[in-house]
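S.K.: Below is a structure I'd like to ask you about.
Here it is, written out as structure tokens:
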């Protein structure tokens, strides 16, 4: 009985203490922190890029959310969307970056002066590093390519421009280095974030586009007219330690990483038929299916990690707004969405 | 005397003056140098004249500005002083033919004309032909045709003219002209310089806080020179020639949100020679000329040259029949940034007028064009006019026309690398129209109304689509166009006072009939940047040498894409001005004018995110000695 009393007392104390400790409660997610952000590039000369927001569960699609939340147009050709901490960066290849709150897309700032043909960015060490092709020369080459450095997470003036090889695209931060995929120069450039100078440059087979991680390894995706390349990088010295070369005619720079090392790549046959397709390839190099889905005007691709569906952006010839076609992993169409001009990418949340 | 005789002959030969009031292009002033009338074989069609007087306050400004402000036509303007392309009856920029003194001047590589680099001062008058005119004018005349003409006179002695226009945003246009003519010879030399800094203020909606900013990188500098010469070297022979060189050096106004610093240099050289031989009820015309265009965009240079030779015989078979038979041969060279190409075209045409009586007239036009080894569609056109009510005060006229049109694919369409498609077919159209014109006069009151309903179909419409890594053109689109054009002119004199009203309204539906793929949502929708409605009205009050006017034009909403999702709102602009014709001792004459454009300081965009100027002022001074 004494033991029972003691047990009861301890239980009561435990209950009391337990009731005093508050469970960690997540802050409520903002409207745009769930669902899918659909990136619409916009048409050349019109600067009508925009972001659409889609909730797969309900099918709700909200158009042009930047303009809806800020009462002004985005006014740029949307090249990339980068989400970091509580901010979302909308990168325009017409030379600006808009910074919005990830919750409600309200404007926080911008980099609007000094950029040229902006491609992507990373946020590290409380700074923005922005890849930019620089102005074209007389032959529409990009010898003035650079990484712009902005010392404020919400934008502002460019503090420094670091010259890099021609046409920097994807960026990746490894330790205290910034890896830059320079597509036209076919180089991987390594920028030391300490000195903010190019510390190394390596030749790459194919045109490097973007970095991705799979199975704990770091890869660099590259392509040429007839092949795609998965270059595995050493995270310490950044050397290519292995390359998987896959024969794939008409490959493009548009790809999405699926489950289990599957990669979905957009292809286009070119003259005279111009048929586009989605090819399913394994990082290990096996072409599972060179065309799990075919059509025309394919301009962007994404893979929903929870739904396991593939999202394809169809530009409808840029004559008007585009369409997103959602297919499953066997290539069967699930649904289509009427979206903005030139749907070119997706952010899944 | 002979020339007067020629003009009387013209009256008999060309004027269906008893039937038609196309007459605006048929000036019977006995000193005017002869030129072929543009409206002779156009029974049933709508032809409007823009006179030198109409253009007076636009010295050095672009023809595009004039047409946008003072007509029912709509121009897609990419900013102040920037690219300005015309759409007529809901067709595209390349679907109207443009002529300078009878030479086609549409760029053979682009297939269109930039109306922002046709400055007022580079020609004397403009004739607008509405609707398909393939049989009359050849390629490109699907939505209509624009004719720029120089007018010379004999027997005027020496004349010196200086025109200046000073305006907001650094606008300063100047023109100097000397002309001399006697009974046989007429010569005129003209030089002009037009400049605008275009640093107007606008709300930059692309930036945080939408600040008001000064427009950057939009400066325009234009130089030009013209030389006209006409020589009546004997009783039956006349030769006339004109040369026009025009250079436009522009910064290209960036679209809001872009930081581009593009520059463009256009150089255009046009030269024409006409020989006329006047026989008994016959006029022979032999024409030759060249049109050279160079467009340098940043460092990219594109050059084209067109060489023409044409001849026709215009003759009369009694009072009821008249006929014109002719040919035109064109040789085209293109030296573009990505390719070189040549093209040659031969056209045969026949026009016939039949006027069974003074109240009835018909035109039948036929044309066949061959380019390289391809036959363009055979192109007939027929039209008629009937005065079905004529009294002392009223004239009611019924107009009707049916015509075909076509457009030969441009050099870029066929040969651009990469993507050019040599297999393209010509674009084709048919067009029909029915109209009524009413003229009323009573005492000092005059009223003229004209309303026309048209229907048109354009097939094989060429559009450029992204194909893999580049864009390529295909004959894909089909468009049904329909609409109404209305023209109003009224005047009332009251003693020394004169009241004038001039207006136009255009209703244009241009409905896409094709989707480019199963996801496209364009079918059944209005074409982009083609307003259904445009309205323009000018009221004026004159007393003696003084005149005030108020002008307004309203452009309806425009869709940005083919699916009609994004919309640019309608806008209306008002302009007001005052003019005074002065005369010093009958030796020095001129005109002084002051004008306020965009009176209400309306913020508007013709095309999305292309800033346009707010309220601005201009001062015109014309001096003639």
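Residue numbers (the working numbering), protein chains in the order written: chain D, 7 to 355; chain H, 11 to 635. In this text, a Cβ means the ideal position worked out from N, Cα and C, and glycines have one as well. Model, not experiment: these values are computed from the prediction.
1) Check whether the Cβ atoms of residue 632 (chain H) and residue 227 (chain H) sit closer than 7 angstroms, and answer yes or no.
2) Can you check DSSP and say which residues form a bridge with residue 616 (chain H)?
3) I'd like the list of long-range same chain contacts for residue 307 (chain H), defined as Cβ closer than 6 angstroms, with 5 residues on each side in sequence excluded.
4) For the alpha helix (DSSP H) holding residue 422 (chain H), just list the boundary residues, first then last.
5) Strictly below 8 angstroms CB to CB, what residues from chain D border residue 215 (chain H)?
6) At 8 angstroms on the CB atoms, spell out the chain D contacts of residue 570 (chain H), in chain order.
7) Give the single residue among D:129, D:57, D:115 and D:76 whose Cα lies nearest to the Cα of residue 67 (chain D).
8) Do we get a CB-CB distance below 7 angstroms when we pair residue 618 (chain H) with the residues of chain D?
9) Let's see if you can read the secondary structure: which residues bound the alpha helix (DSSP H) around residue 76 (chain H)?
10) Could you list which residues in chain D have their beta carbon closer than 7 angstroms to that of residue 220 (chain H), in chain order?
11) Between residue 266 (chain H) and chain D, is there a C-beta pair that is closer than 7 angstroms?
12) Shorter than 7 angstroms from the beta carbon of residue 338 (chain D) to some beta carbon of chain H?
13) For residue 108 (chain D), which beta-bridge partners are listed by DSSP?
14) Taking all protein chains shown into account, do 16 or more other C-beta atoms lie within 10 angstroms of the C-beta of residue 381 (chain H), making it buried, or fewer, making it exposed?
15) For residue 324 (chain D), which residues in chain H fall below 7 angstroms Cβ to Cβ?
16) Give the single residue among D:115, D:222, D:77 and D:101 whose Cα lies nearest to the Cα of residue 360 (chain D).
17) Secondary structure at residue 178 (chain D), three-state DSSP: helix, strand or coil?
18) Can you find a CB in chain D that lies within less than 7 angstroms of the CB of residue 259 (chain H)?
19) Does the beta carbon of residue 235 (chain D) sit closer than 7 angstroms to a beta carbon anywhere in chain H?
20) Using a C-beta to C-beta distance shorter than 8 angstroms, which residues of chain H count as neighbours of residue 320 (chain D)?
21) Mind pulling the chain H residues with CB within less than 9 angstroms of residue 175 (chain D)?
22) Which residue wins for smallest C-alpha separation from residue 448 (chain H), given the options H:151, H:179, H:406 and H:394?
23) Could you check where the alpha helix (DSSP H) with residue 567 (chain H) kicks off and where it finishes?
24) Is the shortest distance between the beta-carbon of residue 470 (chain H) and the beta-carbons of chain D less than 7 angstroms?
25) Label residue 59 (chain D) either buried or exposed according to how many other C-beta atoms from any shown protein chain fall within 10 Å of its C-beta, with 16 as the threshold for buried.
26) Could you check where the beta strand (DSSP E) with residue 244 (chain H) kicks off and where it finishes?
27) Alpha carbon to alpha carbon, how far is residue 459 (chain H) from residue 604 (chain H)?
28) Name the two residues that bound the continuous alpha helix (DSSP H) containing residue 76 (chain D).
29) Can you tell me which residues form a DSSP beta bridge with residue 504 (chain H)?
30) How long is the line joining the alpha carbons of residue 321 (chain H) and residue 294 (chain H), rounded to whole angstroms?
31) Is it the case that the Cβ atoms of residue 550 (chain H) and residue 510 (chain H) are separated by a distance below 7 angstroms?
32) Just tell me which of D:123, D:148 and D:316 has its CA closest to the CA of residue 269 (chain D).
33) Determine whether the beta carbon atoms of residue 418 (chain H) and residue 149 (chain H) lie at a separation below 7 angstroms.
34) So, at 6 angstroms on beta carbons, what are the nonlocal neighbours of residue 300 (chain H) in its own chain, with the 5 sequence-adjacent residues on each side left out?
35) Who are the Cβ neighbours of residue 253 (chain H) in its own chain at under 6 angstroms, not counting the five residues just before and after it?
36) For a quick check, are the C-beta atoms of residue 617 (chain H) and residue 88 (chain H) less than 7 angstroms apart?
M.R.: Per the coordinate set shown:
1) In this structure, residue 632 (chain H) lies away from residue 227 (chain H), with their beta-carbon atoms at least 7 angstroms apart.
2) Note: residue 616 (chain H) sits in no beta bridge, so no partner.
3) Excluding residues within five positions, the ones whose Cβ falls inside 6 angstroms are 274.
4) 421-425
5) From the beta-carbon of residue 215 (chain H), the residues of chain D found nearer than 8 angstroms are 78, 79 and 81.
6) 52 and 54
7) Of D:129, D:57, D:115 and D:76, the residue nearest in Cα terms is D:57.
8) yes
9) 73-80
10) 78
11) yes
12) no
13) Note: residue 108 (chain D) sits in no beta bridge, so no partner.
14) So residue 381 (chain H) ends up on the buried side.
15) 476
16) Because chain D here runs from 7 to 355, residue 360 (chain D) falls outside it and cannot be looked at.
17) strand
18) no
19) no
20) 527 and 529
21) None at all; the shortest Cβ gap to chain H is about 15 angstroms.
22) It is H:406 whose Cα lies nearest to the Cα of residue 448 (chain H).
23) Segment: none, residue 567 (chain H) is in no alpha helix (DSSP H) and carries neither H nor E.
24) no
25) buried
26) 230-244
27) 30 angstroms
28) 71-76
29) H:507
30) 7 angstroms
31) Result yes, Cβ atoms of residue 550 (chain H) and residue 510 (chain H) sit closer than 7 angstroms.
32) D:316
33) yes
34) 281 and 317
35) These residues qualify, in order along the chain: 237 and 281.
36) Taking 7 angstroms as the Cβ cut-off, residue 617 (chain H) and residue 88 (chain H) qualify as a contacting pair.
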